[in-house]
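Participant:
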Amino acid sequence: MKELERLYKNNLEWATRINAETPNFFADLSKQQSPDYLWIGCSDSRVVSEQLVGLQPGELFVHRNIANVVVHTDLNCLAVIQYAVEVLKVKHIIVCGHYGCGGVLASMQTVEHGLIDNWLCHIKNVHLKYQEELDALTDETVRLNRLCELNVIEQVKNICHTTMVQRAWRNSKALSVHGCIYTLETGLLKDLGVRYSHMHDLNSIFQLKEAKKAVYEPNLKVMETDYEGR
Ligand code: CO
Numbered sequence: 608m609k610e611l612e613r614l615y616k617n618n619l620e621w622a623t624r625i626n627a628e629t630p631n632f633f634a635d636l637s638k639q640q641s642p643d644y645l646w647i648g649c650s651d652s653r654v655v656s657e658q659l660v661g662l663q664p665g666e667l668f669v670h671r672n673i674a675n676v677v678v679h680t681d682l683n684c685l686a687v688i689q690y691a692v693e694v695l696k697v698k699h700i701i702v703c704g705h706y707g708c709g710g711v712l713a714s715m716q717t718v719e720h721g722l723i724d725n726w727l728c729h730i731k732n733v734h735l736k737y738q739e740e741l742d743a744l745t746d747e748t749v750r751l752n753r754l755c756e757l758n759v760i761e762q763v764k765n766i767c768h769t770t771m772v773q774r775a776w777r778n779s780k781a782l783s784v785h786g787c788i789y790t791l792e793t794g795l796l797k798d799l800g801v802r803y804s805h806m807h808d809l810n811s812i813f814q815l816k817e818a819k820k821a822v823y824e825p826n827l828k829v830m831e832t833d834y835e836g837r
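Right under this line is the structure:
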């Protein structure tokens, strides 16, 4: 308790101030949340999601991890996306990266950092995809920052490829996925100009149609023939 005294004191002051400005703020907010935005950002302590976009409690649904990566097998992130899209019915999903990201920098190195390297492999794959463009950048900082941008762009696509987003679009729900990047030195957010809001914005291989029941039924006849023929 002693070590966290400052935090509890700050919390009391914060809650008291907000309640003084807006009586019943917390009591009203406790009844429901209806954020329009899902924010997927880096865990970096300097990229303070709600504050940097000036939103109040209840306005931003947030998921943060090292280097704002969206992996199709990450149940944590997928569950956040499902809840945001299907239950909260957010209108926008925003991937926010930041220049000088330590996670992205670590992914560019070839020295072992431990468990995190398994996570960073996803960024190395982004690196591979844009190898030519990145190799042409001789300045290390410029190259790092470009990879930070490309990482956001690829994670935006990864979100669009999830079944939750595909289903929302198939059902004509208004849902857009955006990419932006934050500059630690200025506190400013930059729109990366990537915005997906329809199925046809994606490469055709990722455009999922509604499954017919038969797709999941094994072809027993073929299986029998194969067995007998062995
Ligand atoms: Co970071």
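So the sequence shown is numbered by our numbering: it starts at 608 and just counts up by one. Ideal Cβ positions, reconstructed from N, Cα and C, are used throughout, including at glycine.
(1) Exposed or buried, residue 721, counting other C-beta atoms within 10 Å across all chains shown (16 or more means buried)?
(2) Please indicate yes or no: does the CB of residue 681 lie closer than 7 Å to some heavy atom of the ligand CO?
(3) What residues match up with residue 646 in a beta bridge as DSSP calls it?
(4) Quick check: the Cα distance between residue 836 and residue 799, rounded to an integer number of angstroms?
(5) Since residue 772 and residue 759 should fall inside the 8 Å C-beta cutoff, what is the C-beta to C-beta distance between them, to a whole number of angstroms?
(6) Would you kindly report the start and end of the unbroken beta strand (DSSP E) that includes residue 625?
(7) In whole angstroms, what is the alpha-carbon distance linking residue 691 and residue 697?
(8) For residue 649, is the beta carbon positioned less than 7 Å from some heavy atom of the ligand CO?
(9) Can you give the Cα-Cα distance for residue 659 and residue 819, rounded to whole angstroms?
(10) If we call anything under 8 Å between Cβ atoms a contact, is residue 803 one with residue 767?
(11) Just verifying my parser: in three-state terms, what is the DSSP assignment at residue 790?
(12) Provide the residue span of the alpha helix (DSSP H) that contains residue 757, from first to last.
(13) If you reduce the DSSP assignment to three classes, tell me which class residue 777 lands in.
(14) Tell me whether residue 805 sits in a helix, a strand or coil according to DSSP, three-state version.
(15) Residue 724 lies in the alpha helix (DSSP H); which residues open and close that run?
(16) Applying the criterion that 16 or more other CB atoms from any shown protein chain within 10 Å of the CB defines a buried residue, is residue 834 buried or exposed?
(17) Go ahead and pull the three-state DSSP assignment for residue 782.
(18) Cα separation between residue 744 and residue 693?
(19) Please determine, among 612, 702, 725, the residue with the shortest C-alpha to C-alpha distance to residue 713.
(20) So residue 718 packs on residue 751, CB below 8 Å; how close in whole Å?
(21) So which of 737, 816, 646 has the shortest CA-CA distance to residue 699?
(22) So, helix, strand or coil for residue 662, using DSSP?
(23) Is it the case that the CB of residue 720 approaches a heavy atom of the ligand CO more closely than 7 Å?
(24) Quick check on DSSP: helix, strand or coil for residue 707?
Facilitator: Let me lay it out:
(1) Exposed, by the Cβ-count rule.
(2) Incorrect: residue 681 has no Cβ contact closer than 7 Å to the ligand CO.
(3) Bridge partners of residue 646: 669, 701.
(4) Low per-residue confidence applies at residue 836: pLDDT is 45, beneath 50, and the placement is therefore not dependable, though the value from the model is reported in the following sentence. The C-alpha of residue 836 lies about 57 Å from the C-alpha of residue 799.
(5) With 8 Å as the limit, residue 772 and residue 759 do not qualify as a contact, their Cβ atoms being about 16 Å apart.
(6) That residue, residue 625, is in no beta strand (DSSP E); its alpha helix (DSSP H) goes 612-628.
(7) Straight-line Cα distance between these residues: approximately 6 Å.
(8) It does: the Cβ of residue 649 is within 7 Å (strictly closer) of some heavy atom of the ligand CO.
(9) Their Cα atoms are separated by approximately 45 Å.
(10) Yes, they are a contact pair.
(11) The three-state secondary structure of residue 790, taken from DSSP, is strand.
(12) Per DSSP, the continuous alpha helix (DSSP H) segment holding residue 757 begins and ends at 747-767.
(13) Reduced to three states, the DSSP call for residue 777 is helix.
(14) Correct three-state label for residue 805: coil.
(15) Element bounds for residue 724: 723-736.
(16) Only weak support is given to the placement of residue 834: the predicted model assigns it a pLDDT of 49, under 50, and the value that follows is read from those uncertain coordinates. Of the other Cβ atoms in all chains shown, fewer than 16 fall within 10 Å of the Cβ of residue 834; this residue is therefore exposed.
(17) In the three-state reduction of the DSSP assignment, residue 782 falls in the coil class, being assigned neither a helical nor a strand state.
(18) Put simply, the backbone Cα of residue 744 is about 41 Å away from that of residue 693.
(19) It is 725.
(20) With 8 Å as the limit, residue 718 and residue 751 do not qualify as a contact, their Cβ atoms being about 16 Å apart.
(21) The shortest Cα separation from residue 699 among 737, 816, 646 belongs to 646.
(22) Of the three classes helix, strand and coil, the one that applies to residue 662 here is coil, per DSSP.
(23) Taking the Cβ of residue 720 as the reference point, every heavy atom of the ligand CO lies at 7 Å or farther away.
(24) Here residue 707 sits in coil by DSSP.
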